[in-house]
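Notes for the one structure printed next.
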Amino acid sequence: MVGRIFKPIKTLGNFNSTLQQTLASVERIFYVLDFPSESFEFEGSIQLPEIKGDVEFRNVSFGYGVYSTKQKALYANKAITNMGLHCPQKPPLNEDDLVLRQINFKVRRGETVALVGHSGVGKTTLFKLLLRFYEVTEGEIFIDGYPLSRVTLESLRKQIAIVPQDTILFSGTVLANILYGRPDATDEEAIQAAKRANAHDFIMELPRGYETQIGERGVRLSGGEQQRIAIARAILKDPKILLLDEATSALDNESESLVQSSLKNLMKGRTTFIIAHRLSTVIHADEIFVLNRG
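Basically our numbering = 1-based index in the sequence shown + 145.
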């Protein structure tokens with residue numbers, strides 16, 4: 146009898162503990178979801194027309210959590226309008242808070258630029274600014290003469306593709322993962338992109354070809370195969386600006402050779418920025434920019 150009474154009480158106690166943990170987790174999740182985005186579309190933002198690929202960084206400085214004057218005003222307006230809260234002003238700009246300092250360069254359409262420097266100097270940060278994952282703290286970035294802060298995020302990002310070191314693949318078929326590059330593309334266009342990425346042959350050797358399930362993050366594929374799927378996705382997107390973030394650094398020599406060949410096909414006629422440490426990756430760049438302490 147005691148056992149029959151004790152077990153439900155114990156279960157109820159465990160349920161309460163689980164409920165409290167869940168509520169605490171939900172609170173943290175909503176804290177993150179409610180946090181203001183680092184990138185905004187300011188009033189009057191325009192659609193970026195089809196670009197040719199000229200890129201200019203003009204007096205660009207950036208620090209994580211160091212907001213520009215425009216961002217401070219927008220944060221304040223949102224806080225006052227939505228929550229009736231006071232948005233405290235950030236302290237004056239401190240050079241020690243900056244990852245990038247007074248960056249100036251111009252890249253013409255179709256050129257390839259290599260970014261080199263030791264870890265932490267801001268190479269990947271520069272990519273994030275081009276994609277407007279963050280807003281610059283000072284200065285401005287221009288594409289074909291259009292200031293990035295004044296164009297819509299969608300119209301910007303659909304014309305830029307990135308191939309990262311850690312390939313982002315999703316649970317699903319090979320074909321579906323390639324089509325993420327341009328969802329309205331046909332299956333035949335996706336297959337042609339895979340051929341240009343030197344991925345078609347290995348795909349056809351998979352159990353169901355393009356309909357093969359590759360698992361979460363592409364766990365059923367090798368590193369080189371994953372990268373070639375990512376390159377096929379970028380080829381299908383047909384961007385005018387291409388960002389390569391150490392796309393071959395984790396591969397063995399044989400896989401790197403195949404991926405390098407795929408990248409050459411992808412880079413043709415596009416403005417390309419490359420982050421790499423291997424000389425073989427950057428030696429053919431039109432220009433090499435060395436970043437040192439931002």
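Glycine included, each C-beta is placed from N, C-alpha and C at the ideal position.
Residue i versus residue j - alpha carbon distance
{"i": "N437", "j": "S162", "result": "51 Å"}
{"i": "E370", "j": "N159", "result": "46 Å"}
{"i": "E299", "j": "T167", "result": "35 Å"}
{"i": "Y209", "j": "G267", "result": "11 Å"}
{"i": "L411", "j": "G189", "result": "34 Å"}
{"i": "E186", "j": "F278", "result": "12 Å"}
{"i": "K340", "j": "A379", "result": "13 Å"}
{"i": "V140", "j": "E432", "result": "With the chain represented from 146 up to 439, any question about residue 140 goes unanswered, as that position is not in the structure."}
{"i": "V171", "j": "V435", "result": "44 Å"}
{"i": "L293", "j": "A421", "result": "25 Å"}
{"i": "E401", "j": "N343", "result": "12 Å"}
{"i": "L324", "j": "G360", "result": "16 Å"}
Coarse secondary structure for residue i, derived from DSSP in three states
{"i": "K299", "result": "Checking the sequence shown, residue 299 turns out to be Glu, not Lys. E299 falls in the helix class under three-state DSSP."}
{"i": "G368", "result": "helix"}
{"i": "G208", "result": "strand"}
{"i": "Q358", "result": "strand"}
{"i": "V261", "result": "strand"}
{"i": "I323", "result": "helix"}
{"i": "C232", "result": "Low per-residue confidence applies at C232: pLDDT is 46, beneath 50, and the placement is therefore not dependable enough to give any value."}
{"i": "N249", "result": "strand"}
{"i": "E350", "result": "coil"}
{"i": "K223", "result": "Per-residue confidence for K223 stands at a pLDDT of 47, beneath the threshold of 50, marking its modelled position as unreliable; the derived number appears in the next sentence. In the structure shown, K223 sits in a helix (DSSP, three-state: H, G or I)."}
{"i": "K175", "result": "Looking at the sequence itself, residue 175 is Phe, so the reference to Lys does not match. Correct three-state label for F175: helix."}
Cross-strand partners of residue i (DSSP beta bridge)
{"i": "P292", "result": "F287"}
{"i": "F202", "result": "F250 and I286"}
{"i": "E432", "result": "V258"}
{"i": "I380", "result": "I380 pairs with nothing; no bridge assigned."}
C-beta contact flag for residue i and residue j at 8 Å
{"i": "T102", "j": "A430", "result": "Residue 102 cannot be examined here, being either before or after the span of the chain that is shown, 146 to 439."}
{"i": "G198", "j": "G255", "result": "yes"}
{"i": "T318", "j": "Q358", "result": "yes"}
{"i": "R327", "j": "L381", "result": "yes"}
{"i": "T270", "j": "L245", "result": "yes"}
Nearest-angstrom Cβ-Cβ length linking residue i and residue j, presumed shorter than 8 Å
{"i": "E285", "j": "R203", "result": "5 Å"}
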